[in-house]
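Heads up: the sequence shown is residues 1389 to 1680, going by our numbering. Heads up, the thing below is written out as structure tokens.
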Amino acid sequence: MKSTVFVLGFALLIFACQPAKKENQEETERKEVVEESADPKLVKLWETDTIMTTCESVLFDGEGSRLFVSNINGQPTDKNGKGFISILNLDGSVQELKWATGLNAPKGMGIYEGHLYVTDIDKVVAIDLESGEIAKEFTPEKAEFLNDITTSKNAVYISDMRLGLIHKIEDGKLSTIAEGVESINGLLSKGDHLMTLDGKGLRAYDLAANKFEMVNDSVTGGDGLTMLNDGTYIASRWKGEIYHVAGNKAHLLLDTKAQESQTADIGLNPDKMIVYVPTFFKNKVIAYQLVK
């Protein structure tokens, strides 16, 4: 009799526990689905003091384990000779505040063949990475507001936002490869294409066919452009917005418009997924961890 009661009780206990176990399992599965489908976000890591001066662009230099920061030090079209390039360590500390000086309003930057190429209103300067001295200058026939730079294995590409032009420096020669690109700013070299942020959104410019293809029409008038992987990008708008762009979806990662903190030409450490934001008139650089 006792054994029968024990068996019945044990069976009832197992039966009673099954719904709870199933419920817990379903809850775990639901959490996993939510985590997998959750949008990425930016988590602040550090920020510099207000030691920058109208900082427009941040460039991550993986080989040198450092950050280059362009400082306009005035208005974006002032030819005052006060612009400079800073070097930060990867923790945000200053390695050299005025590494390269004598510029006008330096903006976009790119590293190519031992030089830091920088747009400087209506010309491009190539600064020797070892000495910090200007080694070369390139002046297009038509130039008003040279803005961003990207580099490939063979060339340097430059945008002119006001004139809607894309220039190229290859084998020491400067040429114009695209015209009529409204509000062209951010550039990113990707194989045989240039990814561009312009008045129409994020587009892919086929260098061989000389034609554009729309990728995402949400982030119009963008500024900085970086790439996480083959089809995923981080793009900024100067006024204070940063987006995670995947295909035709653009998810807002950061909005600092209320603080009047700009998000200009951003940089990216692709291995550690850290986004570096130059805040322009707020005069500091802020680093964020991209969390998926």
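Cβ atoms here follow ideal geometry from the backbone N, Cα and C, with glycine treated the same way.
Which of the three DSSP states is assigned to residue i in this structure?
i	result
Q1463	coil
S1649	coil
S1453	coil
T1682	This structure does not reach residue 1682, given that the chain is present from 1389 up to 1680, and the question cannot be answered.
N1657	strand
N1604	strand
A1675	strand
S1577	strand
S1571	coil
A1514	strand
K1588	coil
Would a C-beta distance cut-off of 8 angstroms place residue i and residue j closer than the cut-off?
i	j	result
E1532	L1551	yes
V1673	E1525	no
G1609	S1571	yes
L1691	V1512	For residue 1691 there is no data in the structure shown, the boundaries of the chain being 1389 and 1680.
S1453	L1478	yes
Y1545	L1504	no
A1675	Y1664	yes
G1612	G1568	no
Roughly how many angstroms separate the alpha carbons of residue i and residue j, rounded to a whole number?
i	j	result
K1670	F1472	17 angstroms
G1480	T1584	28 angstroms
S1649	V1607	18 angstroms
A1514	A1426	42 angstroms
K1645	F1668	13 angstroms
L1430	I1630	9 angstroms
A1493	N1468	8 angstroms
L1641	G1619	17 angstroms
So, is residue i buried or exposed, given that buried needs 16 or more other C-beta atoms within 10 angstroms?
i	result
Q1647	exposed
K1495	buried
M1602	exposed
H1632	buried
G1628	buried
D1536	buried
H1681	The question about residue 1681 has no answer, for the chain in this structure spans 1389 to 1680.
Next item on the list: Jot down the residue ranges of each uninterrupted beta strand (DSSP E) in the region 1476 to 1507, minimum 3 residues, whole runs only, in chain order.
Entry: 1482 to 1491 and 1494 to 1500
Next item on the list: Any chance you could list the beta strand (DSSP E) runs of at least 3 consecutive residues sitting entirely within the region 1617 to 1642, in chain order?
Entry: 1620 to 1625 and 1629 to 1634
Next item on the list: May I have a chain-ordered list of the beta strand (DSSP E) segments no shorter than 3 residues that lie completely inside the region 1520 to 1567?
Entry: 1522 to 1526, 1534 to 1539, 1544 to 1548, 1553 to 1558 and 1561 to 1566
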